[in-house]
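*Asks:* In this note's numbering, the protein residues as written are 228 to 616.
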């Protein structure tokens, strides 16, 4: 540890501590932007495109992926989501974009007649467009934004407004662009207030009544909300991990039980490191399997709420993910058991392990329970059994 502190920045040390080391595996280069770590041309092209889109985020594509996931989950018509996607990539036919593609065109903005029409100007910075934005009550929170591409503007807006206001912002951007295209094609267009009235009347907010009805349909097929016991004669281990994003510290928790719900052993392991969620889940499962209860373990069921981890353990191919060293260790430990079945369960089926992981992270402590169990753990596990009324 002394050598690490000598040569590395203190902010990097927790990440280094979170790297799993396996003396039985050779070092391997991996491509971190595909699920299996293998490089493919499509992935390389996507990474290059994202780097061009937002160079400051090229080292953190996870944030970019989360952004797109948020965009596609908005309660908006598909055409508006697609518009937002094309807008962020600067793929709309603003005059400067057409000029860049070889068209002989006057790039002057037809609305104000003062500046070149790039996408940010056409949708946001043009004085005529600002007159529209000023009609919105939340515009005062975002009125000073406007530097960079529309992707930069939209990301900044999302940080300043509520989810509903952000969805309405996309609607207005789409309406402004539609209105601009009408002017381009010499079709009658709308003024500011007419434009807002039209888009908000034509595309109102998602009805809470409809959402409630949809929720009732889902509830017709309820999912189990408790622990799922294994088959008779089998013992079960549940594991989970807890982390605070971009903060050093990982809490690992696990619990072994019989099919009837009897507690066999449990544990909490604290790691002062930084790692991904999947890495932490893999550490938790490894710690659990390394400390089985002192009874017959010929048949065990393994339950974790990390679906990606389960899939990777079951995959027989050459996986080159960052977790491959831990997966290799897990497979070696699993080979010591006669019969093992690994299952993915939901968080609601993994409450006891999650409780231990969160408590471990909060208390920053490592502790194991074999014969005597604290009352809070015994009561929680008893209440988590599906046969308890």
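Don't be surprised by glycine CBs; every beta carbon is placed ideally from N, CA and C. Since we're looking at a predicted model, the values are computed, not measured.
Could you tell me if residue 318 is buried or exposed, where buried requires 16 or more neighbouring beta carbons within 10 angstroms of its beta carbon?
*Replies:* Classification for residue 318: exposed.
*Asks:* Whole angstroms are fine: how far does the CA of residue 268 sit from the CA of residue 258?
*Replies:* Near 11 Å, if we compare the C-alpha coordinates of residue 268 and residue 258.
*Asks:* Is residue 586 closer than 8 Å to residue 476 when the C-beta atoms are compared?
*Replies:* Going by C-beta atoms, residue 476 is not nearer than 8 Å to residue 586.
*Asks:* What are the complete alpha helix (DSSP H) segments, minimum 4 residues, inside the stretch 338 to 414?
*Replies:* You should have 354 to 360, 377 to 387, 390 to 411.
*Asks:* How would you label residue 495, buried or exposed, when you count the other beta carbons within 10 angstroms and need 16 or more for buried?
*Replies:* So residue 495 counts as buried.
*Asks:* State the start and end residues of the unbroken beta strand (DSSP E) segment that holds residue 478.
*Replies:* Counting along the chain, the beta strand (DSSP E) containing residue 478 begins and ends at 477 to 485.
*Asks:* Measure from the alpha carbon of residue 534 to the alpha carbon of each residue in 571, 577, 559, then state which is nearest.
*Replies:* Out of 571, 577, 559, 571 has the C-alpha closest to the C-alpha of residue 534.
*Asks:* Out of 558, 519, 523, which has the shortest C-alpha to C-alpha gap to residue 538?
*Replies:* It is 558.
*Asks:* Residue ranges of each alpha helix (DSSP H) run of no fewer than 4 residues wholly in the stretch 562 to 610, ordered along the chain?
*Replies:* Qualifying alpha helix (DSSP H) stretches, in chain order: 578 to 590.
*Asks:* Measuring only the C-alpha atoms, how far is residue 357 from residue 426?
*Replies:* In a straight line, the C-alpha of residue 357 is about 17 Å away from that of residue 426.
*Asks:* Please list, in chain order, all residues of the same chain as residue 401 whose beta carbon is under 7 Å from its beta carbon, the five residues on each side excluded.
*Replies:* 307, 310, listed in sequence order.
*Asks:* What residue range is occupied by the uninterrupted beta strand (DSSP E) comprising residue 469?
*Replies:* Here the beta strand (DSSP E) through residue 469 covers 462 to 470.
*Asks:* Among 459, 564, 408, which one has its Cα closest to the Cα of residue 322?
*Replies:* When each option's Cα is compared against that of residue 322, the closest is 408.
*Asks:* Give the DSSP-derived three-state secondary structure of residue 285 in the structure shown.
*Replies:* For residue 285, the pLDDT reaches just 46, beneath the cut-off of 50, and the residue's location in the model is therefore unreliable, leaving the point undetermined.
*Asks:* Taking just the CA atoms, how far does residue 265 sit from residue 465?
*Replies:* Approximately 30 Å between the Cα atoms of the pair.
*Asks:* Is the beta carbon of residue 467 sitting closer than 8 Å to the one on residue 576?
*Replies:* Cβ distance not < 8 Å, so residue 467 and residue 576 don't count as in contact.
*Asks:* Work out the CA separation of residue 375 and residue 325 for me, nearest whole Å.
*Replies:* Going from the Cα of residue 325 to the Cα of residue 375 covers about 19 Å.
*Asks:* Would you kindly check if the distance between the Cβ of residue 394 and the Cβ of residue 303 is under 8 Å?
*Replies:* Yes, the pair counts as a contact, with Cβ atoms nearer than the cut-off.
*Asks:* Compute the Euclidean distance between the alpha carbons of residue 499 and residue 248, then round it to the nearest angstrom.
*Replies:* Distance between the alpha carbons of residue 499 and residue 248: 16 Å.
*Asks:* Does residue 449 come out as helix, strand or coil in the three-state DSSP assignment?
*Replies:* Low per-residue confidence applies at residue 449: pLDDT is 49, beneath 50, and the placement is therefore not dependable, though the value from the model is reported in the following sentence. Residue 449: coil per DSSP, three-state reduction.
*Asks:* Quick one, are the C-beta atoms of residue 527 and residue 455 less than 8 Å apart?
*Replies:* Not closer than 8 Å, so no.
*Asks:* Considering only residues of the same chain and omitting the five flanking positions on each side of residue 343, which have a CB-CB separation below 8 Å?
*Replies:* The residues are 322, 323, 334, 335, 336.
*Asks:* In whole angstroms, give me the CA-to-CA distance for residue 479 and residue 582.
*Replies:* Looking at the two C-alpha atoms, the distance is approximately 10 Å.
*Asks:* Taking the Cβ atom as the reference point for each residue, do residue 207 and residue 359 lie within a distance shorter than 8 Å?
*Replies:* Lying before the first or after the last residue shown, residue 207 is absent from the chain, which here runs from 228 to 616.
*Asks:* Work out the CA separation of residue 485 and residue 453 for me, nearest whole Å.
*Replies:* Taking the straight line joining both Cα atoms gives about 15 Å.
*Asks:* Rounding to the nearest angstrom, what Cα-Cα distance links residue 612 and residue 513 in this structure?
*Replies:* Taking the straight line joining both Cα atoms gives about 24 Å.
*Asks:* Between which two residues does the beta strand (DSSP E) harbouring residue 540 extend?
*Replies:* Segment 534 to 541 is the alpha helix (DSSP H) holding residue 540; no beta strand (DSSP E) there.
*Asks:* Quick one: grab the DSSP three-state call for residue 218.
*Replies:* What is shown of the chain runs 228 to 616, which leaves residue 218 out entirely.
*Asks:* Under DSSP, the alpha helix (DSSP H) around residue 244 begins and ends at which residues?
*Replies:* Unbroken alpha helix (DSSP H) run through residue 244: 240 to 244.
*Asks:* Hey, could you find the ends of the alpha helix (DSSP H) residue 509 is sitting in?
*Replies:* Residues 504 to 517.
*Asks:* Mark residue 574 as exposed unless 16 or more other C-beta atoms lie within 10 angstroms of its C-beta, in which case mark it buried.
*Replies:* Residue 574 comes out exposed.
*Asks:* Rounded C-beta distance between residue 231 and residue 243? I'm assuming under 8 Å.
*Replies:* 6 Å between Cβ atoms; contact.
*Asks:* Measuring CB to CB, does residue 568 end up less than 8 Å from residue 529?
*Replies:* The answer is yes: Cβ separation under 8 Å.
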